[in-house]
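For reference, the structure is listed below as structure tokens.
In the working numbering, the protein residues as written are 3 to 291.
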């Protein structure tokens, strides 16, 4: 990538970061064009070309996405408060926008979130090309760890429903406290090369001892000990795939390391919507010999 194009991408991505960090504020085209150091007369067209949607649509998508997660994972939070967080002056306007965006009303989504339907309607904002940035890879040795696991099988788009079920088990039983026990996502299939009905992904939490049989379908497993290559990812989980493929496709061949017979996994340090998406921290572990 030539330097001029890289500078252009950096300026556009700086605007995206600014939006993530100021989602609770009124954001104007003038303000955002100044962040990018572009003319306000052309900025909206430049942004639309770069992200595949208008800046207004981008901001609303992020706010409605946060609202969906708040509805699903913060059941005690009033819907009116969620509407105001999404910068809607009236709950009725929020309901119309949410239904138009995700084909369910906020109350319907809270009662029974249809994540498959949500994913069909959610337009993931993606730059027209990826910025080339250095990826720092560390080698660590992981001890064996007892984990409680909910085995997800089915379309990747419904993983959040399983995550909600696992979260509820943790809250109700206290066997794997969210604030003090590590949380993992174990990648058992590549969704790009797996039929939706065959996709498998383990949702896991660290536990001090084996958990008893339960109605949630949580089972006991162990995280295998050994060396791992680790990359830290900051920000929305949509960016995790790029770093996973970097580990497999670029770092591994150049490193001379060999893979261990154990799956790649994520360690989630925090969770959306408890923190804003730009504050998310996720470590990617690639087991090696």
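A virtual CB, placed ideally from N, CA and C, is assigned to each residue, including glycine.
Rounded C-alpha distance that separates residue i from residue j
i, j, result
"residue 167", "residue 207", "13 Å"
"residue 158", "residue 86", "30 Å"
"residue 113", "residue 219", "21 Å"
"residue 151", "residue 288", "19 Å"
"residue 215", "residue 175", "12 Å"
"residue 154", "residue 204", "6 Å"
"residue 249", "residue 260", "12 Å"
"residue 2", "residue 99", "As shown, the chain starts at 3 and ends at 291. That puts residue 2 outside it, with no answer to give."
"residue 282", "residue 185", "13 Å"
"residue 194", "residue 123", "19 Å"
"residue 298", "residue 81", "Outside the displayed span of the chain (3 to 291) sits residue 298, for which this structure offers no information."
"residue 111", "residue 76", "12 Å"
"residue 107", "residue 66", "12 Å"
"residue 278", "residue 23", "8 Å"
"residue 7", "residue 254", "28 Å"
"residue 142", "residue 10", "36 Å"
"residue 199", "residue 191", "11 Å"
"residue 181", "residue 244", "28 Å"
"residue 239", "residue 252", "20 Å"
"residue 96", "residue 61", "14 Å"
"residue 237", "residue 126", "14 Å"
Boundaries (first-last residue) of the beta strand (DSSP E) holding residue i
i, result
"residue 154", "147-155"
"residue 144", "139-144"
"residue 105", "Unbroken run through residue 105: none, as it is neither H nor E."
"residue 270", "267-270"
"residue 224", "221-225"
Unbroken alpha helix (DSSP H) run spanning residue i, endpoints
i, result
"residue 52", "42-53"
"residue 230", "Where residue 230 is concerned, there is no enclosing alpha helix (DSSP H), although the beta strand (DSSP E) it sits in stretches over 228-236."
"residue 284", "Taken as a continuous stretch (DSSP letters only), residue 284 belongs to no alpha helix (DSSP H), being part of the beta strand (DSSP E) at 283-290."
"residue 81", "81-87"
"residue 33", "31-38"
"residue 128", "Element bounds for residue 128: n/a, residue is neither H nor E."
"residue 6", "5-23"
Residue i, buried or exposed, once every other Cβ within 10 Å from all chains shown has been counted against 16
i, result
"residue 275", "buried"
"residue 133", "Note that residue 133 scores a pLDDT of 48, beneath 50, so its modelled location is shaky; the value from the coordinates is reported in the next line. Exposed: under 16 other Cβ atoms inside 10 Å."
"residue 88", "buried"
"residue 68", "buried"
"residue 72", "buried"
"residue 267", "buried"
"residue 84", "buried"
"residue 47", "exposed"
"residue 291", "exposed"
Contact test: residue i Cβ vs the ligand FMN heavy atom, cutoff 7 Å
i, result
"residue 272", "No copy of the ligand FMN appears in this structure; indeed no ligand is present at all."
* To do: Could I get the ranges of all uninterrupted alpha helix (DSSP H) runs contained in the region 144-214, with 4 residues as the minimum, in chain order?
  => 161-175
* Counting Cβ pairs, one atom from each stretch, are 3 or more of them under 8 Å apart for the region 13-32 and the region 52-67? -> Verdict: yes, contact present.
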